[in-house]
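First comes the structure, then the notes that go with it.
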Amino acid sequence: MILTICGPWYNMPVHSVLAHLDEPPALAAVGIGVHGPAGHVDVFSLPDLWQLHLYSYEADLTLNGTAHLIRPGRVSLIPPGAQVRYHYRGRSEHLYVHLCLKPAGSPARIPVIQDAGAELAALTAQLRQALAAWPHTPARAAAEVWAALWRVAHLAPPKARSTRTVHPAVATALSLIETRMAEPLTVAEIAKAAGVSHNHLTRLFRATTGETVVGYLRARRMERARHFLRATTLSIPAVALSVGIPDLQAFNKACRRELGAGPRSVRAAQPVIGGTPINPG
Numbered sequence: 001m002i003l004t005i006c007g008p009w010y011n012m013p014v015h016s017v018l019a020h021l022d023e024p025p026a027l028a029a030v031g032i033g034v035h036g037p038a039g040h041v042d043v044f045s046l047p048d049l050w051q052l053h054l055y056s057y058e059a060d061l062t063l064n065g066t067a068h069l070i071r072p073g074r075v076s077l078i079p080p081g082a083q084v085r086y087h088y089r090g091r092s093e094h095l096y097v098h099l100c101l102k103p104a105g106s107p108a109r110i111p112v113i114q115d116a117g118a119e120l121a122a123l124t125a126q127l128r129q130a131l132a133a134w135p136h137t138p139a140r141a142a143a144e145v146w147a148a149l150w151r152v153a154h155l156a157p158p159k160a161r162s163t164r165t166v167h168p169a170v171a172t173a174l175s176l177i178e179t180r181m182a183e184p185l186t187v188a189e190i191a192k193a194a195g196v197s198h199n200h201l202t203r204l205f206r207a208t209t210g211e212t213v214v215g216y217l218r219a220r221r222m223e224r225a226r227h228f229l230r231a232t233t234l235s236i237p238a239v240a241l242s243v244g245i246p247d248l249q250a251f252n253k254a255c256r257r258e259l260g261a262g263p264r265s266v267r268a269a270q271p272v273i274g275g276t277p278i279n280p281g
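Numbered continuously in the UniProt record's numbering, the sequence shown closes out at residue 281.
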């Protein structure tokens, strides 16, 4: 069974997958998933996207009926269309990437879940670098994820190079927004973490992104919400929690204001990657 780009994975037991790694992946989202507080069980699928997860907690994962153990330091690669059932044991956070793979070259067989072992530190660094680069330098983010995928497949990763330089305070602010999007955040907190004053961060941020910090944070939350609504079957309350707007009435208003429709209507729209509709394979 060789996967086609963004194609579905049929409902069958899965212990390993065949993944094409000869060309860089197309990224749909990079972030830190926050699960558990809204309930100890999540059941969902990403019909058109692969899922790469790096875990720091203990939980149980069932993939198309096949049980897997999640432990700190393990990494999983889940194919498109597979139904996953997570059973958490409290608040659980993991690094995640949602992506497409192109059907180029010979596929590599990769276990669905495995210990990162001695590669854990390097793999964590690559995925955090991808998170820091996403979405402003998507080529850098894709390169880091590509390298991480090769590392997961036990092959030597290619080197990724930065193509853009931003002020360190802005880089810190952007990274903090991505990593703590599920939490309440104020400009004062972000400025403190970046080591600059509120006003200085505001000036630097606007010069770099063309937006205010608050406006950027609001836009990124709603971009992530749109991705989860369109590309996954996560419940709407879980999506709202994952973007830091746990109040469903407030989340509904934010969707209508920023996305032009309520959460259910956004979910009914065709999934997109980078502004391009996904056509199931």
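Each residue gets a CB set at the ideal place from its N, CA and C atoms; glycine is no exception.
Counting along the chain, the unbroken beta strand (DSSP E) around VAL43 starts and ends at 41-44. Inclusion of ARG230 and ALA269 in the CB contact set at 8 Å is warranted, their separation being smaller than that value. Counting along the chain, no beta strand (DSSP E) covers SER235, and no H or E run does either. GLU258 and SER106 have their alpha carbons spaced roughly 42 Å apart. Residue pairing from DSSP places SER92 in a beta bridge opposite HIS35.
ALA188 is positioned such that its CB atom lies closer than 8 Å to that of HIS198. Shown here, ILE190 sits in a helix according to DSSP, grouped into three states. Scanning its chain for C-beta atoms nearer than 7 Å, with the 5 sequence neighbours on each side dropped, one finds around VAL170 the residues LEU204, PHE205 and THR208, in chain order.
Burial check for LEU248: the Cβ neighbour count within 10 Å stays below 16, so the residue is exposed.
One Cα belongs to GLU93, the other to ALA182, and the distance between them is close to 10 Å.
Spatial neighbours of LEU77 in its own chain (CB-CB distance under 7 Å, excluding positions within 5 residues in sequence) are listed in chain order as VAL17, ALA19, TRP50, LEU52, ILE110, VAL112 and VAL152. LEU63: member of the beta strand (DSSP E) spanning 59-63, first to last residue. For ARG85 and GLY33, the gap between their C-alpha atoms comes out near 15 Å.
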